[in-house]
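Residue numbers (our numbering): 17 to 506. Glycine is no exception: its CB is placed at the ideal position from the N, C-alpha and C atoms. Taking it in order: structure first as structure tokens, then the write-up.
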């Protein structure tokens, strides 16, 4: 019995081909061959009827077509040549079909000209794409900036100096609100206060005045420095370098302004002995004559004064340490002589008259301060004073000091003024003016000399035992920025 299912599938395949309105001979032949092979197996009337149905169906289509040639030389049309074969008698024929170009209202072929245009559009499209991407980047950048501006909320319309005064700089500003368009005016949008020694700031009017004053001072200083530079050197110190029986030599030590060289000898000077017409040094011959005169006056008259030589001393003040040096003192210490400190004061010592203690006569002049050990000579012939004589509370290893302030006893009066004691006199050194102490320039006179007498604190010093003149110096106040310090002066 014939396989109906297989035959049905072949028929369906043929229908699909015929619905296309064209079928190639090869396709028809293969389908018919398959049907013939299937009919060869037919054994019933049913299969015969199926074959007859297929024959009638094929005869309804008179021709089978095949595209034999396609002409594409024309730039505007496509021409097809179709070859036909009769399904009845097998006769062949041909048919030419032309497909025109597509228009706005009718479909058709794509002409060569349209193709070139489309290619041009593609290239232009690439350029447009690049341009669009670049524009997108720019838009993104501006969008970010606009977002930042929007976050700020306000923008400045103008910013200028406003109502500044002598102590500060003031700036005014106008702001525009990006959201609501409101305009706000700030007369003191930024204030820069005057600079101080602790923080930076504006230069005030007072600063300008100070700067102008400093400029004036610097101009004057410059002129003075030019004069100094013209002189070539500055004097820094004077020191003794030569000693003889009739003269002393001194060196002037200075600083060369042009080269910067220090401690150079600018000049050497010699001082000779005094005479009846001119002042000068006391020569060794004069000392011998003075000793002879002292011996003649005191030695033959029953005086207790011992015969001794007379020595010279020199005062030197150290600018660095402020110490007082007594040049020639070491020699006198080695000879066993004792230094004494003097003040030029009025004094009445207690005396014992007929067994009764009383005050002696008033003495005005050089009076000894303290005792034989009130002053001593330290290293480099430095004059040291016993701090316990005037100040209290110093241990023995701290007693002797070289500073000038230990030569003066200070205190206060009932008005709060700072006072200095000098003998029986009290001198104002800083006057109270409201809450401020105003220091004053004070110079207190002192002297120092050596004696040949054996130290005896129970008796007054006999000045005839002095082997040196009383070398004078001052203890003075130096005023600086509303305060004072004690210094040595000649």
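| request: Under 6 angstroms Cβ to Cβ from residue 183, same chain only, skipping five residues before and after it: list those, please. | output: The residue you call residue 183 lines up with position 167 of the chain shown. Counting only Cβ-Cβ distances below 6 angstroms, and skipping sequence neighbours, we find 210 and 220.
| Same chain, Cβ closer than 8 angstroms to residue 382, neighbours up to 5 away in sequence not counted | As a first step, residue 382 must be located in the chain shown, where it is residue number 366. Excluding sequence neighbours, residue 382 sits near 358, 359, 360, 463, 479 and 486.
| message | Could you give the first and the last residue of the continuous beta strand (DSSP E) run that contains residue 216? | response | The count along the chain shown starts at 1 and reaches residue 216 at position 200. Unbroken run through residue 216: none, as it is neither H nor E.
| field | Proximity to residue 432 [Cα-Cα], best of 452, 420, 440 and 280 | value | Locating residue 432 in the chain shown gives position 416, where the first residue counts as 1. Here the closest residue by C-alpha is 452.
| For residue 341, is the classification buried or exposed, using 16 other Cβ atoms within 10 angstroms of its Cβ as the cut-off for buried? | Position 325 of the chain shown holds residue 341. Looking at its Cβ environment, which holds 16 or more other Cβ atoms inside 10 Å, residue 341 is buried.
| task | Kindly indicate which three-state DSSP category residue 130 falls into: helix, strand or coil? | result | For the purposes of this step, residue 130 is identified with residue 114 of the chain shown, where counting begins at 1. DSSP places residue 130 in helix when its eight states are reduced to three.
| said: Buried or exposed for residue 429, going by 16 or more other Cβ atoms inside 10 Å? | reply: Working through the chain shown from its first residue, we reach residue 429 at position 413. Classification of residue 429: exposed, given that the 10 Å Cβ count is below 16.
| request: Over the uninterrupted alpha helix (DSSP H) stretch that includes residue 345, give me the two end residues. | output: Position 329 of the chain shown holds residue 345. 345-350 is the extent of the alpha helix (DSSP H) around residue 345.
| message | Using C-beta distances below 6 angstroms, list every residue in its chain close to residue 390, excluding the 5 sequence neighbours before and after it, in chain order. | response | Taking the chain shown and counting its residues from 1, the one referred to as residue 390 is at position 374. Counting only Cβ-Cβ distances below 6 angstroms, and skipping sequence neighbours, we find 357, 402 and 405.
| task | Determine the extent of the beta strand (DSSP E) in which residue 436 is found, giving its start and end residues. | result | Here the question's residue 436 lines up with position 420 in the chain shown. Segment 434-438, the beta strand (DSSP E) holding residue 436.
| field | Endpoints, beta strand (DSSP E) assigned at residue 208 | value | The count along the chain shown starts at 1 and reaches residue 208 at position 192. Element bounds for residue 208: 199-209.
| Per DSSP, what kind of secondary structure is residue 118 in: helix, strand or coil? | Counting from one through the chain shown, the residue named residue 118 turns up at place 102. Correct three-state label for residue 118: coil.
| query | Can you list, in chain order, the residues of its chain whose CB lies under 7 angstroms from that of residue 349, leaving out five sequence neighbours each side? | reply | Taking the chain shown and counting its residues from 1, the one referred to as residue 349 is at position 333. So the qualifying residues of the chain are 393.
| query | Applying the criterion that 16 or more other CB atoms from any shown protein chain within 10 Å of the CB defines a buried residue, is residue 385 buried or exposed? | reply | For the purposes of this step, residue 385 is identified with residue 369 of the chain shown, where counting begins at 1. With 16 or more other Cβ atoms within 10 Å, it is buried.
| request: Identify, in the order they occur along the chain, each residue of the same chain with its Cβ nearer than 7 angstroms to the Cβ of residue 217, setting aside the five sequence neighbours on each side. | output: In the chain shown, residue 217 corresponds to position 201, counting from 1. 208, 209, 210 and 211.
| field | Identity of the residue in 346, 502 and 92 nearest residue 552 by Cα | value | Shown here, the chain extends from 17 to 506; a query on residue 552 therefore has no answer.
| request: Would you mind stating whether residue 378 and residue 424 have Cβ atoms separated by less than 8 angstroms? | output: The residue given as residue 378 occupies position 362 in the chain shown. The residue given as residue 424 occupies position 408 in the chain shown. The answer is no: Cβ separation not under 8 angstroms.
| Bridge partner(s) assigned by DSSP for residue 253 | Working through the chain shown from its first residue, we reach residue 253 at position 237. 269.
| request: Leaving out five residues on either side along the sequence, give the residues of the same chain with a beta carbon under 7 angstroms from the beta carbon of residue 503. | output: As a position in the chain shown, residue 503 is number 487, starting the count at 1. Excluding residues within five positions, the ones whose Cβ falls inside 7 angstroms are 338, 420, 492 and 494.
| field | residue 97 vs residue 110 beta-carbon contact at 8 angstroms | value | In the chain shown, the residue the question calls residue 97 occupies position 81. In the chain shown, the residue the question calls residue 110 occupies position 94. Yes, the Cβ-Cβ distance between residue 97 and residue 110 is below 8 angstroms.
| Continuous beta strand (DSSP E) stretch holding residue 185: start and end | For the purposes of this step, residue 185 is taken as the residue at position 169 of the chain shown. Its beta strand (DSSP E) spans residues 184-193.
| task | Between the Cα of residue 283 and those of 268, 439, 292 and 296, spot the shortest distance and give me the residue it belongs to. | result | Position 267 of the chain shown, counted from the first residue, corresponds to residue 283. The residue with the shortest Cα to Cα distance from residue 283 is 268.
| Cα-Cα separation, residue 456 to residue 496 | Against the chain shown, residue 456 aligns to sequence position 440. Against the chain shown, residue 496 aligns to sequence position 480. Rounded to the nearest angstrom, the two C-alpha atoms are 11 angstroms apart.
| task | Report buried or exposed for residue 320, applying the criterion of at least 16 other Cβ atoms within 10 angstroms of its Cβ. | result | Position 304 of the chain shown holds residue 320. Confidence at residue 320 is low in this model, with a pLDDT of 42, below 50, so the placement of that residue should be treated as unreliable; the coordinate-derived value is given next. Flag for residue 320 reads exposed.
| Residues of its chain near residue 501, where Cβ-Cβ distance is below 6 angstroms and the 5 sequence neighbours each way are ignored | For the purposes of this step, residue 501 is identified with residue 485 of the chain shown, where counting begins at 1. Closer than 6 angstroms at the Cβ level, and outside the excluded window around residue 501, lie 494.
| message | DSSP three-state label for residue 431, please. | response | One-based indexing of the chain shown puts residue 431 at position 415. Reduced to three states, the DSSP call for residue 431 is coil.
| From residue 148 to residue 173, what does the alpha carbon distance come to, in whole angstroms? | Here residue 148 refers to the residue found at position 132 when the chain shown is read from its first residue. Here residue 173 refers to the residue found at position 157 when the chain shown is read from its first residue. Roughly 34 angstroms between the two C-alpha positions.
| query | Roughly how many angstroms separate the alpha carbons of residue 287 and residue 470, rounded to a whole number? | reply | As a working mapping, residue 287 is identified with position 271 in the chain shown. As a working mapping, residue 470 is identified with position 454 in the chain shown. Those two C-alpha atoms are separated by around 35 angstroms.
| task | Rank 99, 304 and 506 by C-alpha distance to the C-alpha of residue 113 and give the top, closest one. | result | The count along the chain shown starts at 1 and reaches residue 113 at position 97. Minimum Cα distance to residue 113 is reached at 99.
| request: Leaving out five residues on either side along the sequence, give the residues of the same chain with a beta carbon under 7 angstroms from the beta carbon of residue 353. | output: Your numbering for residue 353 matches position 337 in the chain shown. If we look at residue 353 and ignore the five residues flanking it on each side, its Cβ neighbours are 466, 467, 468 and 483.
| said: What would DSSP say about residue 100, mapped onto helix, strand or coil? | reply: Within the chain shown, numbered from 1, the residue matching residue 100 stands at position 84. It is a strand residue.
| query | Count the other CB atoms within 10 Å of the CB of residue 30; is the residue buried (16 or more) or exposed (fewer)? | reply | The residue you call residue 30 lines up with position 14 of the chain shown. Buried, by the Cβ-count rule.
| message | Per DSSP, what are the beta-bridge partners of residue 153 in this structure? | response | Taking the first residue of the chain shown as position 1, residue 153 is located at position 137. According to DSSP, which records beta bridges pairwise, residue 153 is partnered with nothing at all.
| query | Could you check where the beta strand (DSSP E) with residue 175 kicks off and where it finishes? | reply | To locate residue 175, count along the chain shown from 1; it is residue 159. 170-177 is the extent of the beta strand (DSSP E) around residue 175.
| Would residue 255 be called buried (16 or more neighbouring beta carbons within 10 Å of its own) or exposed? | Within the chain shown, residue 255 is the residue found at index 239, counting from 1. So residue 255 ends up on the exposed side.
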